[in-house]
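Colleague:
Protein chains: 2
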Amino acid sequence: MTNSGNNLWAVIMAGGGGTRLWPASRRNTPKQFLRLHGHSTLLEQTCERLEGLVSPERILIVTSSEHVAEAQRLLPKVSADNILGEPAARNTLPCVAWACAEIARRDPGSTQIVLPADHLIEPAEAFRDTLRAAVAFAECNAGALVTLGIRPTHPATGFGYLQTDKAIGDSLGQEVFPVERFVEKPDAAKAQEFLVGGKHYWNGGMFIWTTENLAKGLETHATETWNALDGASAQQVRLAYPSLESVSVDVGLMEKAGNIFMLPMGYMWSDIGSWSALEEVIPADDCGNHRSGSGPLIAKDAKGNITFSDKNHTIALLGVDNLVVVSTPDATLVCPKDKSQNVRAMVDLLKERAQDLL
Amino acid sequence: MTNSGNNLWAVIMAGGGGTRLWPASRRNTPKQFLRLHGHSTLLEQTCERLEGLVSPERILIVTSSEHVAEAQRLLPKVSADNILGEPAARNTLPCVAWACAEIARRDPGSTQIVLPADHLIEPAEAFRDTLRAAVAFAECNAGALVTLGIRPTHPATGFGYLQTDKAIGDSLGQEVFPVERFVEKPDAAKAQEFLVGGKHYWNGGMFIWTTENLAKGLETHATETWNALDGASAQQVRLAYPSLESVSVDVGLMEKAGNIFMLPMGYMWSDIGSWSALEEVIPADDCGNHRSGSGPLIAKDAKGNITFSDKNHTIALLGVDNLVVVSTPDATLVCPKDKSQNVRAMVDLLKERAQDLL
């Protein structure tokens, strides 16, 4: 296998609007625009992670039309032409298809890396190695659609899984597995089986493919969407987009296509699905607390807590353990770490009682 | 006993600078300037409680010179002449002596009520009844210095106590007790004895006396301080004040004087010595939480918590019980209710690490 030398593009899917990290994440400030770890946003970090691999003029950002300006502000090296503003949220398949149509128009012989904008991955160098191997594999295997799998570290029930078989070989020294099946979020028993069995990987929604292969796949398995976007003008996209089928890449393309391959990621990855996920991502400080955001934390007789605030706001913890404490200018959340996945329930209460805080 | 009809004055001691309610209370915003319960500050509520009993032109506020402007802003009915700005904090005796010298100059035949600015007392009508009885007693009993005692509701170790004997009679239908002894903060066993014995009352630092009796008492027992302030010009006070002995009224006057009498308060009184004190003062909401300040509280599976925030800041509690959660623009405190008296320890940490938050 050799790298054919296609131009390499990246598509950053930044259209998410989740509320699982409320009150930090809001309708107007979804997770990818938060500074959770370090001084830049997850979106910026997603681009920084590609440095040396994909140059900024070949990075496309797909985000909500409301967030185009913010994305431009954060990413001055990415030209305005490369930031696509979705007129409506239609899940990931239309997003990937629109970006593919755009890249096909500009650089049909290219290869693409498609990444969510709101993940934390470390170390970046290891991730780039995996991507390089995946790119090489995608370019050398006609028709291959490549995805990345995360080796499970615990029996997670919050992710879909990729079911694999024996490795079919390697690419640039990294093993490549055929994907036999996409598995929906399992129950706890099933997740435990998956963990022990060793044939299942977390599906992180990251893809590598040549533009040509992806276009073919979309044409075959997502024909209507592809036809609406392929060769369409900006205005045609704007008009067509809201009527496109809202479906994920997994369901709308990958589960239907054959020739799916997976490269494993054996290092830190998190989609930060809840505040408690930050515990695995952010090292504990001297007092054993995990400080997200850039705000100071002062703790006395307090450990195992996860905090978030901005640099002008201090969180002071006295005699409390294993809490999530999140401070924003107009709302504070306090909940036990092991209940942080229930923040959705709090958000549901807000829908009834305090819409302005969503 | 009959009311002699002296003009009645009130002296509001608003010089405290405590940090026990940090992060709401700060050097620049001590407790008396906080809106803890209802829409006005404790200082305003202290004045409002006297409505119908003392007219605003006879209310003197003694506060730190730095807080004079804020006191004027809050109390537009009190003239600027009636707000005395202490050039230095010297505990309560110099404060009471200065106010006495001022009242003696303006209205020597008057009677005074001296009250801390940072207590919560309800109902106001019952309190005014006690004050009326205390005033009548002080005016009809030559040489009497009168104080109010709070009937203990639990074996508190955080207060000084007044030790009494049998009631000597009544004033306007309220029993009057001789004070035999001022007792320093007791240990838990002693406090339990006091509670059971029925002869001890909490010392709330509230006093009623004629200006003439107080002046005599000060001249006798706090001679140096009195001589420095009696008849002094504003500039003389400013120069002398910082060198006055820093001592409380209890220690510098009451413990030395005879002829001390006490009227009991049998209703809600709190000096709000810690966040947890608000639990007894602020009724629980439907979810069983105690909301201080004017900020909204949204609770799910959360009860017995005490919260404080201002009206533009929502506190959201999910699955936590018996916490204190205080949000201010630059700092948030989270601690268990039963540890809230340790906020001082947090403040000590701040002295080392974040002076600007004090």
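Protein sequences, first through last, are from chains A and B. Numbering-wise (the working numbering), the first sequence opens with residue 1 and increments by one. Numbering-wise (the working numbering), the second sequence opens with residue 1 and increments by one. For each residue, glycine too, the CB sits at the ideal point set by N, CA and C.
1) Mapping the DSSP letters down to three states, classify A/Lys337 as helix, strand or coil.
2) Going residue by residue through the segment 278 to 310 of chain B, where are the continuous beta strand (DSSP E) segments of at least 3 residues, counting only ones entirely within it?
3) What residue does the beta strand (DSSP E) around B/Leu60 start on, and which one ends it?
4) At 8 Å on the CB atoms, spell out the chain B contacts of A/His313, in chain order.
5) Straight-line CA distance for A/Val247 to B/Asp356?
6) Could you pull out every residue in the same chain whose Cβ sits closer than 6 Å to the Cβ of B/Leu318, ignoring the five residues on either side in sequence?
7) What residues of chain A sit near B/Cys287, judged by a beta carbon separation below 9 Å?
8) Quick one: grab the DSSP three-state call for B/Asp170.
9) Kindly provide the ranges of any beta strand (DSSP E) runs that are 3 or more residues long and lie completely inside the segment 81 to 121 of chain A, ordered along the chain.
10) Residues bridged to B/His200 by DSSP?
11) Chain A beta carbons: is any one of them nearer than 9 Å to that of B/Leu335?
12) Since B/Gly293 and B/Asp321 should fall inside the 8 Å C-beta cutoff, what is the C-beta to C-beta distance between them, to a whole number of angstroms?
13) Spatial neighbours of B/Pro30 within its chain, please: CB distance less than 7 Å, with the 5 preceding and 5 following residues excluded, ordered by chain position.
14) Contact between the segment 109 to 124 of chain A and the segment 210 to 220 of chain A: three or more CB pairs below 8 Å?
15) Under 8 Å between beta-carbons, which chain A residues line up against B/Ala354? List them in chain order, please.
16) DSSP state of B/Trp226, grouped into three classes?
17) Name the DSSP bridge partner or partners of A/Pro186?
18) Among the candidates A/Leu34, A/Arg90, A/Gly149, whose CA atom is the shortest distance from the CA of A/Phe261?
19) Compare the Cα-Cα distances from B/Glu419 to each of B/Leu162, B/Phe159, B/Ala133, B/Glu139 and report the closest residue.
20) According to DSSP, simplified to helix, strand and coil, what is A/Trp9?
21) With DSSP collapsed to three states, give me the class of A/Thr211.
22) For A/Pro178, name the three-state secondary structure that DSSP assigns.
23) Do you know how far the Cα of A/Leu93 is from the Cα of A/Gly252?
24) Using beta carbons (cut-off 9 Å, strictly below), is A/Leu350 in contact with chain B?
25) For A/Phe127, collect the residues of the same chain with a Cβ closer than 8 Å to its Cβ; drop the 5 residues on either side in sequence, then sort them by chain order.
26) According to DSSP, is B/Trp275 part of a helix, a strand, or is it coil?
27) In chain B, what lies closer than 8 Å to A/Val320 by C-beta?
28) With distances taken between CB atoms, is the gap from A/Pro242 to A/Pro23 smaller than 9 Å?
29) By alpha-carbon positions, which one of A/Ala71, A/Ala188, A/Ser309, A/Leu195 ends up nearest to A/Thr164?
30) Any Cβ of chain A within less than 9 Å of the Cβ of B/Thr240?
31) Identify the residues that DSSP records as bridge partners of B/Asp321: which are they?
32) Check whether chain C comes within 9 Å of B/Val343, counting only Cβ atoms and requiring the distance to be less than that.
33) According to the Cβ coordinates, are A/Val68 and A/Cys95 closer than 9 Å?
34) Going by alpha carbons, who is nearest to A/Ile103 out of A/Glu280, A/Arg238, A/Gly231?
35) From A/Ala97 to B/Ile306, what distance separates their C-alpha atoms?
36) For the candidate residues B/Phe159, B/Pro178, B/Gly160, whose alpha-carbon lies nearest to that of B/Ala167?
Modeller: So, from the data block:
1) helix
2) 290 to 293, 297 to 300, 306 to 309
3) 59 to 64
4) Pro329, Asp330, Ala331, Thr332
5) 51 Å
6) Lys300
7) Near B/Cys287 there are no residues of chain A at all, since even the closest Cβ is about 11 Å away, more than 9 Å.
8) Shown here, B/Asp170 sits in a strand according to DSSP, grouped into three states.
9) Fully enclosed beta strand (DSSP E) runs of 3 or longer: 83 to 86, 111 to 116.
10) In the DSSP assignment, the residues bridged to B/His200 are B/Gln163.
11) This sequence places Cys at residue 335 of chain B; Leu is not what is there. Yes, B/Cys335 lies at the interface with chain A (some Cβ there is under 9 Å from its Cβ).
12) Not a contact, Cβ separation roughly 20 Å.
13) Gly16, Gly17, Gly18
14) yes
15) Listed by position along chain A, the residues whose Cβ is nearer than 8 Å to that of B/Ala354 are Pro296, Ile298, Thr314.
16) helix
17) Bridge partners of A/Pro186: none, in fact.
18) Ranking the options by Cα distance to A/Phe261, first place goes to A/Gly149.
19) In the structure as shown, chain B begins at 1 and stops at 358. Residue 419 of chain B is therefore absent and cannot be evaluated.
20) strand
21) helix
22) strand
23) 7 Å
24) Yes, its Cβ sits closer than 9 Å to a Cβ of chain B.
25) Here A/Phe127 has Arg49, Ile121, Met265, Tyr267 as same chain residues with Cβ atoms under 8 Å from its own Cβ, once five neighbours each way along the sequence are excluded.
26) helix
27) Leu323, Val334, Cys335, Pro336
28) no
29) A/Leu195
30) Rather than Thr, the amino acid found at residue 240 of chain B in this sequence is Ala. Closer than 9 Å: no.
31) B/Lys303
32) No chain C is part of this structure, whose protein chains are labelled A and B.
33) no
34) A/Gly231
35) 51 Å
36) B/Pro178
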